[in-house]
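Student: The working numbering applies: residue 144 is where the sequence shown begins, and numbers increase by one.
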Amino acid sequence: GLERNMSGEQSGGAAPAIDLEAYERDHWDLDADLIHKQSQQRAYGFVVVGKPGAGKATLAAKMAGKLGVVHVGFPQVISDALAAEELRAQMEGAKSEHKRLEDKGERQIELKAAAEANALAAAEAGEAG
């Protein structure tokens, strides 16, 4: 089938493009053909770039809603990464504490066994004498 390139001209290429006339009519509406194709192909990701305050998050949220995909913003990615790092640090701390307590428990078992052996030896020495 014929595709439209970025200037709205039809071409034989396979890459879908945004219809600029439709884009100019409603700044946030995407080309219906692109939406249909992407919803059928199940796009894996989009990156929206632009100047601060240009509406990147708004456009991405609208695209996600129309295409049925998840919108993940950069602040969310950073927040998730920091939370994961904090969780990793907590888990490492818990592992260290577990190891410390495990070592302490093993040492107490060794001391108790030694004390029982000494008590048994002393009792046997008392019976023999």
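Heads up, the beta-carbon is just placed ideally off N, CA and C, and yes, glycines get one too.
For K199, I'd like the list of residues in its chain whose CB is within less than 8 Å of its CB, leaving aside the five on either flank, ordered along the chain.
Tutor: Here residue 199 corresponds to residue number 56 of the sequence shown, with the count starting at 1. V191, V192, G193, listed in sequence order.
Student: Does the beta-carbon distance from H214 to A224 come in below 8 Å?
Tutor: For this step, residue 214 is matched to residue 71 along the sequence shown. For this step, residue 224 is matched to residue 81 along the sequence shown. No, the Cβ-Cβ distance between H214 and A224 is not below 8 Å.
Student: With a CB to CB cut of under 7 Å and the five nearest residues on each side skipped, what residues in its chain are close to A260?
Tutor: Start at 1 with the first residue of the sequence shown, and residue 260 comes out as number 117. Correct list: empty, nothing qualifies.
Student: Does the beta-carbon of L210 have 16 or more other beta-carbons within 10 angstroms, so that it is buried, or is it exposed?
Tutor: The residue given as residue 210 occupies position 67 in the sequence shown. With 16 or more other Cβ atoms within 10 Å, it is buried.
Student: The alpha helix (DSSP H) that contains G208, what's its start and end?
Tutor: Position 65 of the sequence shown, counting from 1, holds the residue named residue 208. Where G208 is concerned, the enclosing alpha helix (DSSP H) stretches over 199-210.
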